[in-house]
Structure formats: structure tokens, C-alpha cells
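Visitor: Shown below is the structure under consideration.
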Amino acid sequence: MTTAIHVEDHVHDQPMSEVALRSVAIEALLAEKGLLTADEVRRQVDLMDGRTPADGARVVARAWVDDSFKARLLADSRSALAEMGIAIPEETPHLVVVENTDDVHNLVVCTLCSCYPRMLLGRPPDWYKSLAYRSRAVSDPRGVMAEFGTALPADIRVDVLDSTADMRYLVLPRRPEGTEGMSEDELTRLVTRDSMIGVTDALTP
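Heads up, the sequence shown is in the numbering used here, so the first residue is 5 and it goes up one at a time.
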């Protein structure tokens with residue numbers, strides 16, 4: 005037996021946008037057809053709302069200290085993440101992890117909308133969804149990164165990766181110099197959301 009989803013449950017005396025109303029209507033239709041329940045919807049929403057960049061930072065720090073894990077992460081992110089207890093459902097978009105090196109720097113954008121690795125970074129920042137970022141990241145990636153305080157040497161190639169409905173990207177930033185003696189937990193604190201998008205490098209200790 006399904007639990008009905010009522011628009012009133014979502015309104016809470018606040019006006020709803022057309023997109024929000026459409027979302028509620030779709031949820032109600034799915035529940036009415038017995039495909040899912042309101043509780044199942046809420047559990048998934050709570051799961052996604054609980055995701056933060058800290059999840060991605062743990063993955064990056066592990067890759068920095070474990071070369072074999074890094075190789076598995078770059079080859080098959082789903083299996084590697086499962087080793088850390090991070091389950092990526094089969095029906096979700098494919099996650100590709102790309103590594104920044106001394107020769108290549110990766111920058112992620114979604115030119116059509118705001119496709120983003122929410123399973124590891126949580127909600128995308130407003131600037132990532134903006135038309136200005138989505139267009140300029142392609143036409144002037146170095147200029148965009150400069151606005152975030154990132155200036156790369158001219159001999160480093162910048163690859164702009166366009167996320168799609170079927171594929172998400174996570175940047176594995178370069179490990180900062182002078183961190184050889186730091187623990188995995190300490191390294192985690194150097195990994196920022198922006199460095200995993202590619203607009204900045206990881207923090208220096």
C-alpha cells in the first residue's frame with residue numbers, strides 16, 4: 005500500500021515555484037501508481053541532503069596515500085568507492101575520476117544545466133549552475149580559475165570536462181607539497197569542494 009503525497013505537505017505556507025510544483029506532482033503520480041511511497045522519496049531526499057564535500061575529501065585523501073586505491077579509483081570509481089563504504093547505485097550516472105598532474109589540470113562544468121557528482125560533493129554551489137560559469141568555463145577556463153585565485157603555468161594544459169545526464173566528473177587534485185608526514189585525516193582537511201571541481205588546487209598546509 006502506498007502513502008499519498010500531498011502538495012500541502014511540501015508547501016508549509018510558502019509559495020512554490022513551477023519546477024517545485026512539477027516535482028511534487030511527479031512524486032504524487034509515482035506513489036499513486038505504486039512505484040514508490042512518500043517515505044521512500046523522503047529517504048532518498050534525506051540521503052542526498054546528507055551528502056557533503058567531506059565525502060569526496062575522504063576519497064581524495066585515500067587516493068593520495070594509497071597508490072593502489074588511486075589506480076582502482078581512476079579505473080572503476082564505483083568499485084573503489086564501495087571499498088570505503090560509499091555505495092553508488094547502479095541506476096545513477098557513471099562517475100569518472102580524473103587526476104590533475106604536473107602537466108594537466110582538469111576543470112569540470114555542465115554546459116547544459118548543473119549535472120554534478122552530488123553523491124560525493126552534496127549540492128552544487130550557485131556559481132556552478134550560473135550561465136556565466138557554464139559558458140566561460142569553456143571559452144576562458146584560465147580566466148575563470150584566476151577569479152578563484154588559481155593561476156596555472158602556461159605549460160600546464162587545461163582540460164575542460166563537460167558533465168552530462170549520464171556522466172559525472174570528480175577531480176583528483178594534486179597532493180600539496182610538504183604533506184609527506186601528514187595523516188590521511190589531516191590530508192582530508194586540505195581537500196576543498198572547489199578543488200574537486202577544478203577551479204582551485206587543494207589547500208597548502
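C-beta atoms are modelled at their ideal positions from N, C-alpha and C, and glycine is treated no differently.
None of these values were measured; they are calculated from a predicted model.
Specify the secondary structure class of Arg-138 as computed by DSSP and reduced to three states.
Guide: Walking along the sequence shown from the start, residue 138 turns up at place 134. If DSSP states are grouped into helix, strand and coil, Arg-138 belongs with the helices.
Visitor: Give every residue of the same chain whose Cβ lies closer than 7 Å to the Cβ of Arg-138, excluding the five residues on either side of it in the sequence, and list them in chain order.
Guide: As a working note, residue 138 is residue 134 in the sequence shown. Result list for Arg-138: Val-113, Cys-114 and Thr-115, in chain order.
Visitor: Who are the near neighbours of Thr-204 in its chain, counting only those whose CB is closer than 7 Å to its CB and skipping five residues on each side?
Guide: The residue given as residue 204 occupies position 200 in the sequence shown. The residues are Phe-152, Gly-153, Thr-154, Thr-196 and Asp-198.
Visitor: Inspect the beta-carbon positions of Ala-230 and Arg-76 and report whether they are closer than 7 Å.
Guide: Residue 230 is absent from the model: the chain starts at 5 and stops at 209.
Visitor: Taking only runs that begin and end inside the segment 71-149, name each unbroken alpha helix (DSSP H) of 4 or more residues, in chain order.
Guide: You should have 71-79, 81-87, 122-125, 130-133 and 135-143.
Visitor: Could you have a look at Arg-193 and say whether DSSP puts it in helix, strand or coil?
Guide: Taking the sequence shown and counting its residues from 1, the one referred to as residue 193 is at position 189. Residue state, collapsed to three classes: coil.
Visitor: Could you say if the segment 164-174 and the segment 82-102 meet the contact criterion of at least three C-beta pairs nearer than 8 Å?
Guide: Judged by Cβ distances under 8 Å, the segment 164-174 makes contact with the segment 82-102, as three or more pairs qualify.
Visitor: Return yes when the Cβ of Tyr-120 is within less than 7 Å of the Cβ of Pro-128, no when it is not.
Guide: Residue numbering aside, residue 128 sits at position 124 when the sequence shown is read from its first letter. Residue numbering aside, residue 120 sits at position 116 when the sequence shown is read from its first letter. Going by C-beta atoms, Pro-128 is nearer than 7 Å to Tyr-120.
Visitor: Starting from the Cα of Ala-212, find the closest Cα among His-109, Asp-144 and Met-123 and give me that residue.
Guide: In the structure as shown, the chain begins at 5 and stops at 209. Residue 212 is therefore absent and cannot be evaluated.
Visitor: Run through DSSP, which three-state label would Leu-207 get?
Guide: Mapped onto the sequence shown, residue 207 falls at position 203. Coil.
Visitor: What residue does the beta strand (DSSP E) around Arg-161 start on, and which one ends it?
Guide: By one-based count along the sequence shown, residue 161 stands at place 157. Unbroken beta strand (DSSP E) run through Arg-161: 161-166.
Visitor: May I have the straight-line CA-CA distance separating Glu-87 from Ala-67, to the nearest angstrom?
Guide: Taking the first residue of the sequence shown as 1, we reach residue 87 at position 83. Taking the first residue of the sequence shown as 1, we reach residue 67 at position 63. Straight-line Cα distance between these residues: approximately 12 Å.
Visitor: On the DSSP letters alone, give me the boundaries of the beta strand (DSSP E) that Arg-172 sits inside.
Guide: Taking the sequence shown and counting its residues from 1, the one referred to as residue 172 is at position 168. Unbroken beta strand (DSSP E) run through Arg-172: 171-176.
Visitor: Return the chain-ordered list of same chain residues with a C-beta closer than 7 Å to the C-beta of Arg-146, the five sequence neighbours on each side being excluded.
Guide: Start at 1 with the first residue of the sequence shown, and residue 146 comes out as number 142. Within the same chain, Arg-146 has close Cβ partners Leu-156 and Val-162.
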